[in-house]
Structures are given as C-alpha cells and as structure tokens.
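Below is one structure, written out as structure tokens; the observations come after it.
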Amino acid sequence: MSGDGEAVTARCGTRGEESPAPVLSRGAVILFAVACGAAVANVYFSQPLLVTMGHDLAMSPGLVGSVVTLTHVGYGLGLFFLVPLGDMADRRRLVVAQLLLLVVALIAVATARTAGILLAGMAATGLLAVVTQTLVAFAASLAPPAGRGRVVGVVTSGVVIGILLARTASGLLADLAGWRSVYLASASLTALLALILSRVLPRHHEAAQKNLRYGELLRSTITLFARERLLRLRAVFGLLIFAAFSTLWSSVALPLSEAPYFLSHSAIGALGLIGLVGALAAAAAGRLNDRGLSRRTTGIALALLAASWLPLSFTRSSLWALFAGVILLDLAVQAVHVTNQTLIYALHPEAGSRLIGGYMVFYSIGSATGAIAATSLYTVAGWGAVCALGAGFSCLGLALWAVCGDRR
Numbered sequence: 021m022s023g024d025g026e027a028v029t030a031r032c033g034t035r036g037e038e039s040p041a042p043v044l045s046r047g048a049v050i051l052f053a054v055a056c057g058a059a060v061a062n063v064y065f066s067q068p069l070l071v072t073m074g075h076d077l078a079m080s081p082g083l084v085g086s087v088v089t090l091t092h093v094g095y096g097l098g099l100f101f102l103v104p105l106g107d108m109a110d111r112r113r114l115v116v117a118q119l120l121l122l123v124v125a126l127i128a129v130a131t132a133r134t135a136g137i138l139l140a141g142m143a144a145t146g147l148l149a150v151v152t153q154t155l156v157a158f159a160a161s162l163a164p165p166a167g168r169g170r171v172v173g174v175v176t177s178g179v180v181i182g183i184l185l186a187r188t189a190s191g192l193l194a195d196l197a198g199w200r201s202v203y204l205a206s207a208s209l210t211a212l213l214a215l216i217l218s219r220v221l222p223r224h225h226e227a228a229q230k231n232l233r234y235g236e237l238l239r240s241t242i243t244l245f246a247r248e249r250l251l252r253l254r255a256v257f258g259l260l261i262f263a264a265f266s267t268l269w270s271s272v273a274l275p276l277s278e279a280p281y282f283l284s285h286s287a288i289g290a291l292g293l294i295g296l297v298g299a300l301a302a303a304a305a306g307r308l309n310d311r312g313l314s315r316r317t318t319g320i321a322l323a324l325l326a327a328s329w330l331p332l333s334f335t336r337s338s339l340w341a342l343f344a345g346v347i348l349l350d351l352a353v354q355a356v357h358v359t360n361q362t363l364i365y366a367l368h369p370e371a372g373s374r375l376i377g378g379y380m381v382f383y384s385i386g387s388a389t390g391a392i393a394a395t396s397l398y399t400v401a402g403w404g405a406v407c408a409l410g411a412g413f414s415c416l417g418l419a420l421w422a423v424c425g426d427r428r
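Right, here's the structure in full:
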C-alpha cells in the first residue's frame, strides 16, 4: 500500500488536468465503514459487562452505573469539541491520532485495577470514539456530489453494525476470556486500523480551513445552526428518531427477561442480529437521496417508524411481532439518519465536520432522553407505556415532516 492514498482513492479526470480530485473506491468505502463500526462499538461494549466489572473492582451498584454514563458524556463532549477539528486540520492525521489515543484509553480500561482508572478510561474512550463522525465527514468530503448519498449510506451501515453487534460480541468474548479481553481485543483492532488508515488515506483534503482558530471554529458551529433552517430541522428529526430508537433498545431487555420468556442475556443480545437488517436501509436510503428523493424517503421512513410500535406493543405475547417491529424500526431510523447527514453535509461541504458533529449532538440528546424516559416509565407503567412513548416520538417526527415545508 502506498502512503499517498492511492490505495484508497482512484483519480478521476482527464490526462490534461493538473489537480484531479480523489474519489473513493469501493474498497475504501468498506474500509471507512469497518473503521466506523469498530470505533463506535467501544461506546457500547460495557453494557453487558457491568456486573462483572463491578465484582472485579469491588464497585458499588451506583458507581457501576456511572460507567455507561461517563462513556456517553465523553462521547457527547467529543462531538462538540473534537469532531469540528476536521474542518481545520488534516483529517488523515486527525483520524490516526485519535485512533492511537483511543488505543491508549482502551488499554487503560483493560488493565484498570481501581474504579477511578476504569472510569477515567471509559470517559476517554467515549471522548475519542467520536473519530467515527470524523470518518463519516471525511468519506463524505471524498465522495462526488452525485454519489455522496451512497457513500454516506454504506459508511453509516458500518456504524449501525458496530452499535448492534457490540453487546453481542462483548458478551461472547467475555464469557470466553473475561471482560478485560474485550478491551484488549478492541485495542489491537484499533491499532491495526490506525496503521492501515495512516498508509492509505489521502494526506490532505481541500476543505481544511487553517485560518480558523479553535474558538472561532466552535463558535461557527453554533452560527451554522442559527443560519441554516434545514440544519435545525434535520437535527430535530435526528433527536426524535434516536429518542425512539433508544426507547426500544434501552428497555427491550426488561420484558424479555421476565415471564413468559425469561431469556438469558446472551439470547437478548442476539436480538441485535435481527436489527442488522436496518443496515441495509442505510445504503438504500443513500441511493434514493442521490436520485433527489430525500423528502419522500424521510416521510415514508417516519411513517414506518410510527407503524413499528404496533407490532412492538405485542412483544409480551409474540416474539415474531417483536422481530417485525425491530426490523421496521431499524430500517426507518437508518433511512432518516442517512438522509439527514447527506443533506446537511451538502449545505457547506467545507464545514462538513462541524455540521456532522453538531447534528450528532442532537442524536446524543435524543438517545439519552429515550433511554432515561423508557427505563423509568417501564418501572411505573409497564411495556405498553414504553411503546406509547416510542410511538409519541415517532408520530411527532412524522407530524413535523408533514407541516414543516421541508422540500429536500
């Protein structure tokens, strides 16, 4: 592999052109997807391991719960403070540096002997896992405008697969070799990806705004939201769909672990494999966006999202209804998510990292809102109330689509 990015990009243009633009090859798109999935999975590895971690390090239940909280807090901070750097720095160097620092954080988690080191390592892991969004913006910047939706769709498929398989993979690996092996394995994979990406990614990108200072960069992110109505609208869509997504995935283990199923943690974790069908929607939605069908794609997906809660409401009496609802929900969420990212990046390609990072802050808010509300509601009102909550988020998104006048 060469060091100038030729293994990742194919050069387009005629022989007489002096500065042909790099275009992502199919292999490069897959590499971006794999790297995104591997990075984002680190945010979710801990969820099936909390009890084991707590026993190993003699942590109280409240302290164990803060493992997940700190990871997500770190991720949210990284979205605002780290992802925008892609608009002022060489994205290749930024990606490699973040991956190498992520390796250090993962090793710290894997070798932690005290609760303090574990919690610090998990917060750093969440902070640095936002390299996922830097990679999404990087891939979008390298894609031709006519094919940008397809590229974003495929890369987002990698993110979806990473999220859905993280819990299953960590549970299986922990059963075989202990919870620390999960983070050692991830550190090894991350180091390998850093090496590969350092060799094959383009060394520079045209969108870098080196004249911006860091403070100006962060302020400009807020300015973009104040100026661009489409960005605000799509960010709200993102908040609502991920609130619905988190409503399901943060609480579905509760009814499945009770009568009449009494499913094991491994069996519940395997439910994520069914959700992989949603990854297919990411690529398909990207192609529809390239054909100018963004509004229609959004509307149909939001309708499917609202409809998914009907079969999900029958979870206690039918696993087949649960499976159907999961497939519908994941298809819908990923279709809207890809459409959102494709449209907002096109607003200002030179500010792609700020746009993606700012949008994903709303994603984090929605995810946290859905998780907290769903688990609390289940305790006091049961699974039917959780489904009503998810349907409410979904219908609110559909209503917003119907009245907002968004024509893209």
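The numbering of the sequence shown is our numbering, which starts it at 21 and goes up by one.
Beta carbons: idealized from backbone N, C-alpha and C, even for Gly.
Please go through the same chain and pick out, in chain order, the residues whose beta-carbon is closer than 8 Å to the beta-carbon of residue i, but skip the five residues on each side of it.
i: Leu69; result: Ser190, Gly191, Ala194, Trp199, Val202
i: Leu251; result: Leu244, Phe245, Ile364, Leu367, Leu375, Gly378, Tyr379
i: Ala211; result: Leu119, Leu120, Val123
i: Leu204; result: Leu126, Ile127, Ala130
i: Gly74; result: Ser80, Pro81, Leu83, Val84
i: Gly312; result: none
i: Pro165; result: Ala366
Does residue i pass the burial test, meaning 16 or more other C-beta atoms within 10 Å, or should it be called exposed?
i: Ser271; result: buried
i: Cys424; result: exposed
i: Arg247; result: exposed
i: Pro331; result: buried
i: Phe413; result: buried
i: Ser396; result: exposed
i: Gly345; result: buried
i: Arg5; result: What is shown of the chain runs 21 to 428, which leaves residue 5 out entirely.
i: Val156; result: buried
i: Leu196; result: exposed
i: Gly136; result: exposed
i: Gly20; result: An answer regarding residue 20 cannot be provided, because it is not within the stretch 21 to 428 covered by the chain.
i: Gly106; result: buried
i: Leu293; result: exposed
i: Ser1; result: The requested residue 1 does not occur in the structure, where the chain is confined to residues 21 to 428.
i: Ile71; result: Sequence check: residue 71 is Val here, not Ile. By the 10 Å Cβ count, Val71 comes out exposed.
i: Val400; result: exposed
i: Leu409; result: buried
State the start and end residues of the unbroken alpha helix (DSSP H) segment that holds residue i.
i: Ser206; result: 199 to 220
i: Ser384; result: 372 to 401
i: Ser271; result: Here Ser271 belongs to no alpha helix (DSSP H), and DSSP marks it neither H nor E.
i: Thr359; result: 339 to 367
i: Gln153; result: 151 to 162
i: Val84; result: 81 to 101
i: Asp110; result: That residue, Asp110, is in no alpha helix (DSSP H); it is neither H nor E in DSSP.
i: Ala78; result: Segment: none, Ala78 is in no alpha helix (DSSP H) and carries neither H nor E.
i: Ala145; result: Ala is not the amino acid found at residue 145; the sequence shown has Thr there. Unbroken alpha helix (DSSP H) run through Thr145: 135 to 148.
i: Tyr281; result: Taken as a continuous stretch (DSSP letters only), Tyr281 belongs to no alpha helix (DSSP H), as it is neither H nor E.
i: Phe334; result: Looking at the DSSP string, Phe334 is not in any alpha helix (DSSP H), and its letter there is neither H nor E.
i: Val63; result: Where Val63 is concerned, there is no enclosing alpha helix (DSSP H), given that its DSSP letter is neither H nor E.
i: Glu236; result: 234 to 247
i: Gly439; result: Here the chain comprises residues numbered 21 to 428, so residue 439 is not present and cannot be evaluated.
Could you name the residues of the same chain whose beta carbon sits closer than 6 Å to that of residue i, not counting the 5 residues immediately before and after it, in chain order?
i: Ala303; result: Gly173, Val174, Ser177
i: Ala143; result: Leu90, Gly94
i: Ala405; result: Leu397
i: Asn241; result: Asn is not the amino acid found at residue 241; the sequence shown has Thr there. Excluding positions up to five away in sequence, the list reads Pro104, Arg374, Gly378.
Output needed for residue i: all residues of its chain with C-beta closer than 7 Å, excluding positions within five of it in sequence on either side, in chain order.
i: Trp421; result: Thr318, Gly319, Leu322
i: Leu416; result: Leu260
i: Leu148; result: Gly98, Gln118, Leu121, Leu122, Ala125
i: Arg35; result: Low confidence applies to Arg35: its pLDDT is 35, below 50, so where it sits in the model is not reliable, and the reading given next is rough at best. Excluding residues within five positions, none has a Cβ falling inside 7 Å.
i: Val339; result: As written in the sequence, residue 339 is Leu, which differs from the Val given in the question. Cβ neighbours of Leu339 beyond the five flanking positions: none.
i: Thr359; result: Ala305, Asn309, Ser314, Thr317, Thr318
i: Leu213; result: Ala55, Ala58, Leu119
i: Ala391; result: Ser266, Ser270
i: Ala411; result: Ala326, Trp329
How close, in whole Å, do the beta carbons of residue i and residue j come, if the pair is a contact with beta carbons under 8 Å?
i: Gly57; j: Val179; result: 6 Å
i: Thr152; j: Val60; result: 4 Å
i: Gln67; j: Val88; result: 6 Å
i: Ala352; j: Leu324; result: 4 Å
Does the distance from the C-beta atom of residue i to that of residue j stay below 8 Å?
i: Ala394; j: Thr267; result: yes
i: Leu217; j: Val150; result: no
i: Tyr64; j: Arg187; result: yes
i: Thr154; j: Ser373; result: yes
i: Arg223; j: Arg112; result: yes
i: Asn309; j: Ser206; result: no
i: Ala159; j: Phe262; result: no
i: Phe265; j: Leu349; result: yes
i: Leu274; j: Tyr398; result: yes
i: Val381; j: Leu138; result: no
i: Arg336; j: Trp269; result: no
i: Gly141; j: Gly258; result: no
i: Thr134; j: Leu77; result: yes
i: Leu209; j: Leu296; result: no
i: Arg170; j: Arg254; result: no
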